[in-house]
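Some notes on the structure that comes next.
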Amino acid sequence: MHSVRILKEASRELARLDKPIGSRIAERINWLADNLDDIRPEALRGNLVGFYKLRIGDYRVIYEIIHDERTIVIHAIGHRRDIYRKL
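The sequence shown begins at 163 in my numbering and counts up by one.
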């Protein structure tokens, strides 16, 4: 199991979402922390090399993995149409 650290801006983005969507995203982040060793994360390319995405319906969670610390750092949460512009 990995620990999860959500950066301040990502936490604000999560709080701005409708409650059902925010809850669903929080559940998927917890699932990711529990199952990261058993899945192949979706790596991003271009100027986002080193980051990964988690898809939850029309929403995306952009994160990085710090393997030494077994930590997932959440950088951004948002709708797929504009999440990549925030980074």
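For each residue, glycine too, the CB sits at the ideal point set by N, CA and C.
CA nearest to the CA of residue i, picked from the options
i	options	result
isoleucine 224	Asp230, Glu231, Leu216	Leu216
asparagine 192	Tyr246, Leu206, Arg242, Val235	Val235
leucine 249	Arg178, Pro203, Tyr214, Leu210	Leu210
Contact under 8 Å by Cβ, residue i with residue j
i	j	result
serine 165	threonine 233	yes
isoleucine 239	leucine 176	yes
glycine 212	glutamate 226	yes
Assumed close pair residue i, residue j - CB separation to whole angstroms, cut-off 8 Å
i	j	result
histidine 241	tyrosine 221	6 Å
Inset, instruction - Would you check if the region 176 to 186 and the region 197 to 214 touch, i.e. whether three or more CB-CB distances between them fall below 8 Å? - result: With the rule of 3 Cβ pairs closer than 8 Å, the region 197 to 214 does not count as touching the region 176 to 186.
Inset, instruction - Could you pull out every unbroken alpha helix (DSSP H) segment of at least 4 residues lying fully inside the region 169 to 223, listed in chain order? - result: Counting whole runs of 4 or more residues, the region 169 to 223 contains the alpha helix (DSSP H) stretches 170 to 178, 181 to 197.
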